[in-house]
Each structure stands twice: as C-alpha cells, then as structure tokens.
Amino acid sequence: MNVKEAVARAKQYIFELFSDENPKNIGLEEVEFDDQANEWLVTIGFSRPWDNLAESPLAAISNLQKPPARAYKIVRISNDKDKVVSVKSREIKV
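Numbered per my numbering, the sequence shown spans residues 273 to 366.
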C-alpha cells in the first residue's frame with residue numbers, strides 16, 4: 273500500500289465509522305509510516321454539525337465567531353493486510 277492508498281482508506285473509514293454523526297470537511301492532517309509495526313498512522317480531521325453552532329446571534333451576524341471545532345482521529349492501518357487496526361483521538365494542544 274502506498275501513502276495515497278493509506279490516506280484514502282483512512283478517510284473512507286472515518287466517513288463510514290462516524291456516518292451517524294454526519295461528518296463534514298473530512299481531510300488529511302498528518303501521515304506517518306511506522307517501520308517497526310509496518311503500519312500507517314493517518315491523522316484525519318473532520319467537523320460535526322454541533323461543532324459549527326454560533327456562540328451568539330450577534331457573533332453570527334458580525335462574523336466574529338470562532339473557527340469551527342474539529343475532531344482529529346489517528347487511524348492505524350496495517351500495511352500488509354490493508355486493515356484498520358485502531359482509531360484513536362488525537363489531542364491538539366492550543
């Protein structure tokens with residue numbers, strides 16, 4: 273599996289896994305290959321409907337609201353089996 277295949281697999285998996293939460297703006301954030309484990313670590317970011325709620329009517333009108341929150345998940349994919357091994361939350365420090 274090459275990097276493009278790993279990213280496509282991770283994006284599709286996140287879309288399917290979180291489908292009942294209506295994920296939007298699914299995108300690649302990071303990708304890394306772990307030689308020892310022979311696994312791809314693909315970080316996917318996405319937003320859900322409740323991430324885009326306006327803080328107040330005034331904020332929505334003035335366009336001063338914060339950027340939408342995003343969830344970040346690390347998808348581990350076995351390189352030789354093309355199988356998702358795990359999905360974990362990726363904490364982002366601000």
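Where a beta carbon is used, it is the ideal one built from N, C-alpha and C, also for glycine.
Under the three-state DSSP convention, the category residue i falls into
i: Phe-305; result: strand
i: Glu-363; result: coil
i: Lys-353; result: coil
Cβ-based neighbour list, residue i, same chain, cut-off 7 Å, excluding 5 preceding and 5 following
i: Phe-305; result: Trp-312
Residue i at chain D interface by Cβ criterion, 8 Å
i: Asp-354; result: Note that chain D does not occur in the displayed structure, where there is just one protein chain.
Residue range of the unbroken beta strand (DSSP E) whose run includes residue i
i: Lys-345; result: 343-350
i: Phe-290; result: Per DSSP, Phe-290 belongs to no beta strand (DSSP E) and is neither H nor E.
Residue i vs residue j beta-carbon contact at 8 Å
i: Lys-296; j: Phe-318; result: yes
i: Ala-278; j: Ile-349; result: yes
Cβ neighbours of residue i in the same chain (closer than 8 Å, five flanking residues each side left out)
i: Thr-315; result: Leu-300, Glu-301, Glu-302, Val-303, Tyr-344, Lys-345, Ile-346, Val-347 and Arg-362
Same chain, Cβ closer than 6 Å to residue i, five either side skipped, listed in chain order
i: Glu-293; result: Arg-320
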